[in-house]
Each structure stands twice: as C-alpha cells, then as structure tokens.
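If you read the sequence shown in full-length UniProt numbering, its first letter stands for residue 1, the second for the next number, and so on.
Glycine included, C-beta positions come from ideal geometry on N, C-alpha and C.
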Amino acid sequence: MSRKITIVGNGEIGEEGAAAIAAADFVIRFNECRSYAASPGRTDVVAVCNTGRPAKAMLSSDTWRTHPAVMEAKEIWSVRDPEKFAGLRAPLAVSHPELGDFCDDYTSHFNAFCKDAGKEHIVVEKVIHEAVDAALATFDPAPYVVPSSGMIAITATFRRFPEVEIGLAGFSHSGWEWHPFAAERQLVDSYIANGRLTRHPADTSLSSSQGA
Numbered sequence: 001m002s003r004k005i006t007i008v009g010n011g012e013i014g015e016e017g018a019a020a021i022a023a024a025d026f027v028i029r030f031n032e033c034r035s036y037a038a039s040p041g042r043t044d045v046v047a048v049c050n051t052g053r054p055a056k057a058m059l060s061s062d063t064w065r066t067h068p069a070v071m072e073a074k075e076i077w078s079v080r081d082p083e084k085f086a087g088l089r090a091p092l093a094v095s096h097p098e099l100g101d102f103c104d105d106y107t108s109h110f111n112a113f114c115k116d117a118g119k120e121h122i123v124v125e126k127v128i129h130e131a132v133d134a135a136l137a138t139f140d141p142a143p144y145v146v147p148s149s150g151m152i153a154i155t156a157t158f159r160r161f162p163e164v165e166i167g168l169a170g171f172s173h174s175g176w177e178w179h180p181f182a183a184e185r186q187l188v189d190s191y192i193a194n195g196r197l198t199r200h201p202a203d204t205s206l207s208s209s210q211g212a
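Written as structure tokens, this is what we have:
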C-alpha cells in the first residue's frame, strides 16, 4: 500500500479533509497551525515563514513553541531561502517600501529552536521557489511579491516524495494581497487534473482570513 501525505492549510477543514488527515502517513501543517483544532492529531512537519513579521511572532510566542502540532513535529521546514530573500531586499525597497522588514531573516533562530527541541530543520532551497515562480508564470499572474508558503511546500513535497499520494485540505487560496493566490489555485487545479494531487474540500464555505 502506498504512503499517503496530507498537506494541511489554515482554511476550513471539512469531514473529508479531517478523515484524510487522520488516515495519512505523513502530515504537513503551516505556521501557527490554525486549523489544528478542526483536525487534531498527527503532525510530522510544520512549514514556517522564516523571514519578517510571521517568523518574529512565532519565535517570540510561547503559545507557538508549545503548540501540540509544533511539539509533535519531527521537522520544521523554513520555506524562505535566506539567499533568495537577501536578493529580494533591494528591489522590494523600491517597489514595496512598506515591506521594510519582509526579508529580515530568522533562519538561524529556527535552527536554534530545532536544536533545542530535538527537531530536524530543513531550509527549502531557492531552486524550489524559482520552480514555483516558473510554474505560476504559465497562468499570467498579477504582479506579486512571493508565492505562498503553501505553494512552496507543495512543490518541495513533490521533490522529496515523487511517488507518494498527496492530498490537500484546508487550502482556501486566499489571504495576503501580495501572494498570487488566483494563479496558485489554477496551478493546483492543474496538478489535480494530471493526478499529482487530490483536493479534500471543506463541507462549508471557506472562512480562513489568511489561507495557506
């Protein structure tokens, strides 16, 4: 029997999604794991934004450090390659001056956290980020800053587990205005159409304000 991975966004989790998470052999969640209450249980990876305000907020929060999903996870994936984001700082200072702290790098802090907590820390390489940019270009996205952490994690999972059945739950494809969510939805739909992914939709309307 093939292994099953479920990637869990922070949107609404329906009965089908909760069942898929419960049956999975490997579960990936994101950042504050906001959908955990609707789908408690197994967590193997927490994928985090390791730059800017989200990183600073998580690292300074005892609530995050002691969250059941974070405590159970064997791995923390930092989805923002430090070299890639260092290269974005200068152009973003011109195009988006309001994002002055967006590229502030906290990778070393997550590394220290993982060392203390006995977890493996994996930094997703910039080749993954650039592969996502290239794939999104097919769908002519509106101008954006970076892909979402969800899209980076999906692509990283493809690379690490090429033959494994992968399902998505809690993906609303909505949130921060500078993520290309419309194009990401189209890209995910294309992966579903060719059999690389399965989507487990919520039973009710999606309610997350940030998605994944």
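C-alpha distance - residue i paired with residue j, whole-angstrom precision
{"i": "Asn31", "j": "Thr51", "result": "12 Å"}
{"i": "Val145", "j": "Cys114", "result": "28 Å"}
{"i": "Pro180", "j": "Glu130", "result": "14 Å"}
{"i": "Asp105", "j": "Pro82", "result": "6 Å"}
{"i": "Gly185", "j": "His173", "result": "A quick correction: the sequence has Arg, not Gly, at residue 185. Answer to the nearest angstrom: the Cα atoms are 6 Å apart."}
{"i": "residue 214", "j": "Cys33", "result": "What is shown of the chain runs 1 to 212, which leaves residue 214 out entirely."}
{"i": "Lys56", "j": "Thr66", "result": "16 Å"}
{"i": "Ala73", "j": "Gly41", "result": "11 Å"}
{"i": "Ser35", "j": "Val124", "result": "23 Å"}
{"i": "Ile128", "j": "Arg89", "result": "19 Å"}
{"i": "Phe85", "j": "Gly195", "result": "32 Å"}
{"i": "Gly11", "j": "Ala182", "result": "15 Å"}
{"i": "Gly70", "j": "Thr63", "result": "First, the residue type needs correcting, since residue 70 is Val and not Gly in the sequence shown. If I take the Cα positions, the gap works out to 10 Å."}
{"i": "Ala47", "j": "Met151", "result": "11 Å"}
{"i": "Phe139", "j": "Asp116", "result": "42 Å"}
{"i": "Arg3", "j": "Ala22", "result": "13 Å"}
{"i": "Arg159", "j": "Ala112", "result": "26 Å"}
{"i": "Leu136", "j": "Lys126", "result": "15 Å"}
{"i": "His96", "j": "Gly87", "result": "14 Å"}
{"i": "Val94", "j": "Ser61", "result": "31 Å"}
Contacting residues, own chain, Cβ-Cβ under 7 Å from residue i (five flanking each side not counted)
{"i": "Glu75", "result": "Asp44, Val45, Lys119, Glu120 and Ile122"}
{"i": "Ala20", "result": "Thr6, Gly167, Ala169 and His200"}
{"i": "Ala18", "result": "Ala38 and Ser39"}
{"i": "Arg80", "result": "Cys49, Asn50 and Thr51"}
{"i": "Arg53", "result": "Asp101"}
{"i": "Ile13", "result": "Ser35, Ala38, Ser39, Ala169, Gly170 and Ala202"}
{"i": "Thr107", "result": "Asn50, Ser78, Pro82 and Val123"}
Under the three-state DSSP convention, the category residue i falls into
{"i": "Gly211", "result": "Reliability of the predicted coordinates at Gly211 is poor, the pLDDT of 44 falling under 50, and the value obtained from them is presented with this limitation in mind. Coil at Gly211, not helix or strand."}
{"i": "Ile13", "result": "coil"}
{"i": "His200", "result": "strand"}
Contacting residues, own chain, Cβ-Cβ under 8 Å from residue i (five flanking each side not counted)
{"i": "Ile192", "result": "Thr198 and Arg199"}
{"i": "Ile5", "result": "Ala24, Asp25, Phe26, Val27, Ile28, Thr157, Phe161, Val164, Glu165, Ile166 and Gly167"}
{"i": "Ile154", "result": "Ile7, Ile166, Leu168, Val188, Tyr191 and Leu197"}
{"i": "Leu92", "result": "Leu99, Phe102, Cys103 and Val145"}
{"i": "Asp133", "result": "Pro147"}
Beta-carbon contacts of residue i that lie in its chain and below 6 Å, excluding the five residues immediately before and after
{"i": "Trp178", "result": "Tyr144 and Val145"}
{"i": "Pro141", "result": "Pro180 and Ala183"}
{"i": "Met58", "result": "Trp64"}
Any non-hydrogen atom of the ligand PLP closer than 6 Å to residue i Cβ
{"i": "Ser148", "result": "The ligand PLP is not among the ligands present in this structure, which contains no ligands whatsoever."}
*Go through the stretch 128-185 residue by residue and report every complete run of the beta strand (DSSP E) that reaches 3 residues or more, in order.*
165-169, all fully within the stretch 128-185.
_Length at least 3, wholly inside the stretch 43-126: the beta strand (DSSP E) runs in chain order_ = 45-48, 75-78 and 120-123, all fully within the stretch 43-126.
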